[in-house]
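Beneath this line is the structure, given in structure tokens, with notes to follow.
There are 2 protein chains.
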Amino acid sequence: MAISRKTKTVKMILDLFGETNNAISIVDLVSIFRNKMNKTTVYRILNRLEESGILHSFSDKDGLKRYAKGNQKTDPDNKNDLHSHFLCDDCGVSTCLPLEIPIPTIPDYKINTSQHLLIGQCDNCHN
Amino acid sequence: MAISRKTKTVKMILDLFGETNNAISIVDLVSIFRNKMNKTTVYRILNRLEESGILHSFSDKDGLKRYAKGNQKTDPDNKNDLHSHFLCDDCGVSTCLPLEIPIPTIPDYKINTSQHLLIGQCDNCHN
DNA sequence: AATCTTAATGCTACTTAGTTGCATTAAGAT
DNA sequence: ATCTTAATGCAACTAAGTAGCATTAAGATT
Chain A
6 MAISRKTKTV KMILDLFGET NNAISIVDLV SIFRNKMNKT TVYRILNRLE
56 ESGILHSFSD KDGLKRYAKG NQKTDPDNKN DLHSHFLCDD CGVSTCLPLE
106 IPIPTIPDYK INTSQHLLIG QCDNCHN
Chain B
6 MAISRKTKTV KMILDLFGET NNAISIVDLV SIFRNKMNKT TVYRILNRLE
56 ESGILHSFSD KDGLKRYAKG NQKTDPDNKN DLHSHFLCDD CGVSTCLPLE
106 IPIPTIPDYK INTSQHLLIG QCDNCHN
């Protein structure tokens with residue numbers, strides 16, 4: 006079920022993602038909005054925003070789901086929006102990287118999509 | 006704490022990974038051995054086998070931790086064993102792929118390791 | 001602008017992944 | 001055979017994520 010109503014809670018979440026290109030974990034989002042909305046609501050809004058192509062998600066190193074702005078579709082018809090993500094081991098910040106992920110060919114296999122996570126130190130923590 | 010004793014339970018898990026190159030989720034492993042050992046024991050043995058470099062792990066699409074044979078170290082000194090993993094959307098099987106992951110350079114960032122998961126249909130499910 | 005429909009929310013209770021503490025067991029060294 | 005302590009089992013816990021259901025509020029309709 007995609008987004009069909011711009012509720013106050015949806016606006017709050019959209020505003021947050023309007024301000025940052027970072028990939029934010031659900032746990033953090035639930036915490037950020039703990040006084041504003043129920044955690045179930047956070048989960049449901051994120052689901053709908055992802056179905057609508059407004060956000061995309063991936064699992065980070067620890068298996069935590071993270072959401073970030075934009076689409077990540079791989080329809081054969083559509084343009085490939087697949088890109089890499091970065092996760093800082095020190096401060097935990099995660100970002101989308103403008104690195105397109107090439108999809109390799111493997112005999113007898115069909116590859117539909119992929120996830121690529123680079124792990125290390127971000128500019129802030131490295132210097 | 007690495008492996009120091011070859012207990013019956015450790016042997017059972019080593020035997021299983023001796024037979025397959027697949028990456029198996031902890032949930033499946035707990036289920037496979039539910040009559041043979043406690044789930045806490047499964048978790049602890051997997052931890053130790055990973056620390057010993059006998060197994061390596063990664064998070065799959067759903068954030069589930071999976072384990073497979075072999076090392077995945079990236080010490081600057083050691084040889085880079087980083088490789089891609091594959092996950093079949095249909096049957097759920099997961100394998101290590103002999104695709105080395107190139108580590109890109111990003112200005113001001115330091116990349117230590119990476120995870121690359123290809124998702125699609127395996128040879129069995131595709132044909 | 002009052003009414004109506006139903007998408008969306010809040011709340012409670014639940015499921016499942018993963019962890020911790022502690023008493024007991026059993027590798028394997030002495 | 002004995003001893004040390006790594007490893008296990010068990011129970012109780014934490015945390016991520018989901019489901020059911022009554023209530024609320026977008027926003028369409030009149």
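First to last, the protein sequences are chains A and B.
Position 111 of the first sequence, counted from 1, bears residue number 116 in this note's numbering, the numbering being contiguous throughout.
Position 19 of the second sequence, counted from 1, bears residue number 24 in this note's numbering, the numbering being contiguous throughout.
Even glycine gets a Cβ: it sits at the ideal position worked out from N, Cα and C.
Where does residue i sit, in a helix, a strand or coil, going by DSSP?
i                 : result
Ser36 of chain B  : helix
Asn117 of chain A : strand
Lys44 of chain A  : helix
Asn144 of chain B : Since the first residue shown for chain B is 6 and the last is 132, residue 144 of chain B is missing from the structure and cannot be characterised.
Pro81 of chain A  : Only weak support is given to the placement of Pro81 of chain A: the predicted model assigns it a pLDDT of 49, under 50, and the question is left unresolved by the model.
Leu123 of chain B : strand
Ile18 of chain B  : helix
Asn132 of chain A : coil
Ile29 of chain B  : strand
Arg71 of chain A  : strand
Leu102 of chain B : strand
Leu51 of chain A  : helix
Could you confirm whether any beta carbon from chain A is found closer than 8 Å to the beta carbon of residue i?
i                 : result
Lys44 of chain B  : no
Ser62 of chain B  : no
Met17 of chain B  : no
Lys41 of chain B  : no
Asp128 of chain B : yes
Ile124 of chain B : yes
Phe91 of chain B  : yes
Lys74 of chain B  : no
Kindly indicate if chain B contains any beta-carbon less than 8 Å away from that of residue i.
i                 : result
Lys70 of chain A  : yes
Gln142 of chain A : Past the edges of chain A, shown from 6 to 132, lies residue 142 of chain A, and the structure says nothing about it.
Phe22 of chain A  : no
Asn117 of chain A : yes
Lys11 of chain A  : no
Pro81 of chain A  : With a pLDDT of 49 at Pro81 of chain A, under the threshold of 50, the predicted position of this residue should be treated as unreliable, and no value is reported.
Tyr114 of chain A : yes
Asn132 of chain A : yes
His88 of chain A  : no
Asp33 of chain A  : no
To the nearest whole angstrom, what separates the beta carbons of residue i and residue j, a pair I think is in contact under 8 Å?
i                 : j                 : result
Asn122 of chain A : Ser119 of chain B : Reading off the sequence, residue 122 of chain A comes out as Leu, not Asn. That belief holds up - the Cβ atoms of Leu122 of chain A and Ser119 of chain B are roughly 6 Å apart, short of 8 Å.
Ile116 of chain A : Pro107 of chain A : The Cβ separation is near 10 Å, so there is no contact.
Gly62 of chain A  : Ile8 of chain A   : Reading the sequence as shown, one finds Ser at residue 62 of chain A and not Gly. Contact doesn't hold; Cβ gap of about 15 Å is too wide.
Asn132 of chain A : Asp20 of chain B  : So it is not a contact: roughly 48 Å between Cβ atoms.
For residue i, collect the residues of the same chain with a Cβ closer than 8 Å to its Cβ; drop the 5 residues on either side in sequence, then sort them by chain order.
i                : result
Leu60 of chain A : Phe22, Leu51, Leu54, Tyr72, Ala73, Lys74, Gly75
Asp95 of chain B : Gln126, Cys127, Cys130
Here's a check: name, in chain order, each residue in its chain whose Cβ is nearer than 7 Å to the Cβ of residue i, leaving out the five neighbours to either side.
i                 : result
Met42 of chain A  : Thr14
Thr25 of chain A  : none
Phe38 of chain A  : Met17, Val47
Val98 of chain B  : Asn27, Cys127
Asp33 of chain A  : none
Leu104 of chain B : His88, Ser89
Got a sec? Which residues, its chain only, sit under 6 Å from residue i by beta carbon, not counting five neighbours each side?
i                : result
Asn31 of chain B : The question names Asn, but residue 31 of chain B is Ile in the sequence shown. These residues qualify, in order along the chain: Lys70.
Asp65 of chain A : Arg71, Leu92
**Request:** Could you run through the stretch 95-111 of chain B and flag, in chain order, every residue whose CB is less than 9 Å away from some CB of chain A?
**Result:** Leu102, Leu104, Ile106, Ile108, Pro109, Ile111
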